[in-house]
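Enquirer:
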Amino acid sequence: MPSNIGKSNLPSIEHYKILTENIQYNTIDKNIDMGNKTKVFQWSGDLPNILRDYIDQYIFVQDNKKSKKSCIDLIYILELLLLKMRKIHDFDDDDMIQNGINNFITMFLKPYGCDESLRYSNEEDESPMNNNKSLYDLCEDIFYIEENIQLINVSSKCQEIIEYIEDKYHQLKGMYEAHPDKYNDILIYNNTNFDKIKSTVDKIKCSSTVSSLVGKEQSILGGNLNFSPLHIFMSVALPLIGFALIYFLLYNLTPLRPWLRKRLFEKKNIINYFNGEYQDLSENTYDYLEQNSTKTDFHVIYNQLRNE
703 MPSNIGKSNL PSIEHYKILT ENIQYNTIDK NIDMGNKTKV FQWSGDLPNI
753 LRDYIDQYIF VQDNKKSKKS CIDLIYILEL LLLKMRKIHD FDDDDMIQNG
803 INNFITMFLK PYGCDESLRY SNEEDESPMN NNKSLYDLCE DIFYIEENIQ
853 LINVSSKCQE IIEYIEDKYH QLKGMYEAHP DKYNDILIYN NTNFDKIKST
903 VDKIKCSSTV SSLVGKEQSI LGGNLNFSPL HIFMSVALPL IGFALIYFLL
953 YNLTPLRPWL RKRLFEKKNI INYFNGEYQD LSENTYDYLE QNSTKTDFHV
1003 IYNQLRNE
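Here the numbering used here is used: the first residue of the sequence shown is 703, the next is one more, and so on.
What follows is the structure, given as structure tokens:
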């Protein structure tokens, strides 16, 4: 049976969605845009309670690799909000809110093993933050693919995974090759390199069964269908032969023979009746038109002359 693992199940997407929901990111982002300092201040002071369940489930866990990546994601999203506040006039001089977030990172995340060196406190542009996050995400997804390669290869959504990962691979490899000194530490941190990443990407081989299902789906959605005349003939002829064979067997080998003969006789009489009625109707119509054509022509000509 094909699995249903798709792009949305990749941890960089699935876990980040969970994080944004837990941290109330969309709400706080809007409050920052609206300059609602009171609500943002309340949120920053309540971060330990807001994120308690997330920390217990994703950071304070035995899986060290999962814990580290969850720390990276959480610090990244907090740094994004801090950067946005520094750029907005209503928040740029408000140390209380920024200190509240900084204290949360130092007092609550660091004891759980989150590395403060991963912070971007001196950045005034989010591009370096996004680039680093994207490379961390690729490494995380590659580990997941390696562990679940068999399920992915038979997944009904295998194709969307390989398209997404190949696109990320080529994009980030180009970024890395342009500035290896900026991103090599991330690869070392994840104990990998682009050769290993490519090796895992090449292991994604969507099964023929799933490919055929995708092909059928594309056909339904308007793909090109090429049928030979033989295919068309067989598709029409085989059902007719089947019906004829069934009727022959019923007629010769079952007690239904008298009943079938009676039904056929009745059907023939009905057809003959309708054919006769149709012929009579046609003849009557023709006679009527023949008899009245002269009068009709006269009235048409008379009315035309009268109108003139």
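We treat Cβ as the ideally placed atom computed from N, Cα and C, and that holds for glycine.
I need the DSSP call for residue 986, collapsed to helix, strand or coil.
Expert: Low confidence applies here, because residue 986 scores a pLDDT of 49, under 50, leaving its location unreliable and the question unanswered by this model.
Enquirer: Using 10 angstroms around the beta-carbon of residue 714, count the other beta-carbons present and answer buried if the total reaches 16, otherwise exposed.
Expert: Residue 714 should be labelled buried.
Enquirer: Report the CB separation of residue 760 from residue 768 in whole angstroms; it is logged as a contact under 8 Å.
Expert: 7 Å between Cβ atoms; contact.
Enquirer: Helix, strand or coil, according to DSSP, for residue 904 in the structure here?
Expert: In this structure, residue 904 counts as coil in the three-state DSSP scheme.
Enquirer: Looking only at its own chain, which residues have a Cβ that is under 8 Å from the Cβ of residue 888, when we skip the five neighbours before and after it?
Expert: Taken in chain order, the residues that qualify are 834, 837, 838 and 841.
Enquirer: Between the C-alpha atoms of residue 787 and residue 738, what's the straight-line distance to the nearest angstrom?
Expert: About 11 Å.
Enquirer: Relative to the C-alpha of residue 905, which residue among 766, 773 and 856 is closest?
Expert: If we check each option's Cα against that of residue 905, 856 comes out closest.
Enquirer: Do residue 780 and residue 807 have their C-beta atoms closer together than 8 Å?
Expert: Yes, they are a contact pair.
Enquirer: Report all residues from its chain with a CB closer than 6 Å to the CB of residue 697; omit the five preceding and five following residues, and keep chain order.
Expert: Outside the modelled stretch of the chain, which goes from 703 to 1010, sits residue 697, for which no answer is possible.
Enquirer: How far does the alpha helix (DSSP H) with residue 783 in it extend, from its first residue to its last?
Expert: 766-789 is the span of the alpha helix (DSSP H), which, as asked, contains residue 783.
Enquirer: Please report the distance separating the alpha-carbon of residue 843 from that of residue 851.
Expert: So the two alpha carbons sit approximately 11 Å from each other.
Enquirer: Apply the 10 Å Cβ neighbour rule to residue 706 and answer buried if 16 or more other Cβ atoms are within range, or exposed otherwise.
Expert: The residue in question, residue 706, is exposed, as its Cβ has fewer than 16 Cβ neighbours within 10 Å.
Enquirer: Pick helix, strand or coil for residue 723, following the three-state DSSP scheme.
Expert: Note: residue 723 maps to helix in three-state DSSP.
Enquirer: Pull up the CB-CB distance for residue 818 and residue 709, whole angstroms please, since I reckon it's below 8 Å.
Expert: In fact, because the Cβ distance is near 32 Å, the residues do not count as touching under 8 Å.
Enquirer: Quick test of your reading: residue 730 and residue 745, contact by CB under 8 Å. State the CB separation rounded to the nearest angstrom.
Expert: Right, their Cβ atoms sit about 6 Å apart.
Enquirer: On a CA-only basis, which of 811, 809, 783 and 812 is nearest residue 799? Give me that one, please.
Expert: The shortest Cα separation from residue 799 among 811, 809, 783 and 812 belongs to 783.
Enquirer: With DSSP as the reference, label residue 886 as helix, strand or coil.
Expert: Residue state, collapsed to three classes: helix.
Enquirer: Kindly indicate the opening and closing residues of the alpha helix (DSSP H) around residue 830.
Expert: Its alpha helix (DSSP H) spans residues 828-849.
Enquirer: Hey, quick one: how far does the alpha helix (DSSP H) through residue 860 stretch, first residue to last?
Expert: Run containing residue 860: 860-880, per the alpha helix (DSSP H) assignment.
Enquirer: Report yes if the C-beta distance between residue 896 and residue 878 is below 8 Å; otherwise report no.
Expert: A contact, by the Cβ cut-off of 8 Å.
Enquirer: Closest to residue 849 by CA distance: which of 902, 766, 805 and 721 is it?
Expert: Out of 902, 766, 805 and 721, 902 has the C-alpha closest to the C-alpha of residue 849.
Enquirer: Can you find the residues in the same chain that come closer than 6 Å, C-beta to C-beta, to residue 741, ignoring five residues on each side of it along the sequence?
Expert: For residue 741, where only same-chain residues beyond five positions count, the Cβ hits under 6 Å are 733.
Enquirer: Rounded to the nearest angstrom, how far is the Cβ of residue 773 from that of residue 811, given a contact under 8 Å?
Expert: Indeed they touch by this definition, with Cβ atoms about 6 Å apart.
Enquirer: How long is the line joining the alpha carbons of residue 891 and residue 826, rounded to whole angstroms?
Expert: Approximately 24 Å between the Cα atoms of the pair.
Enquirer: Spatial neighbours of residue 828 within its chain, please: CB distance less than 7 Å, with the 5 preceding and 5 following residues excluded, ordered by chain position.
Expert: So the list reads 782 and 785, once near-sequence residues are dropped.
Enquirer: Specify the secondary structure class of residue 894 as computed by DSSP and reduced to three states.
Expert: Correct three-state label for residue 894: coil.
Enquirer: Beta carbon of residue 775, beta carbon of residue 721: below 8 Å?
Expert: Against a cut-off of 8 Å, the Cβ pair of residue 721 and residue 775 comes out as a contact.
Enquirer: Specify the secondary structure class of residue 737 as computed by DSSP and reduced to three states.
Expert: Residue state, collapsed to three classes: coil.
Enquirer: So, helix, strand or coil for residue 857, using DSSP?
Expert: DSSP places residue 857 in coil when its eight states are reduced to three.
Enquirer: What residues in its chain sit with their C-beta under 8 Å from that of residue 735, if we drop five residues either side in the sequence?
Expert: The residues are 790.
Enquirer: Have a look at 830, 770, 816 and 717 and flag the residue whose alpha-carbon is nearest the alpha-carbon of residue 883.
Expert: Nearest option by C-alpha distance: 830.
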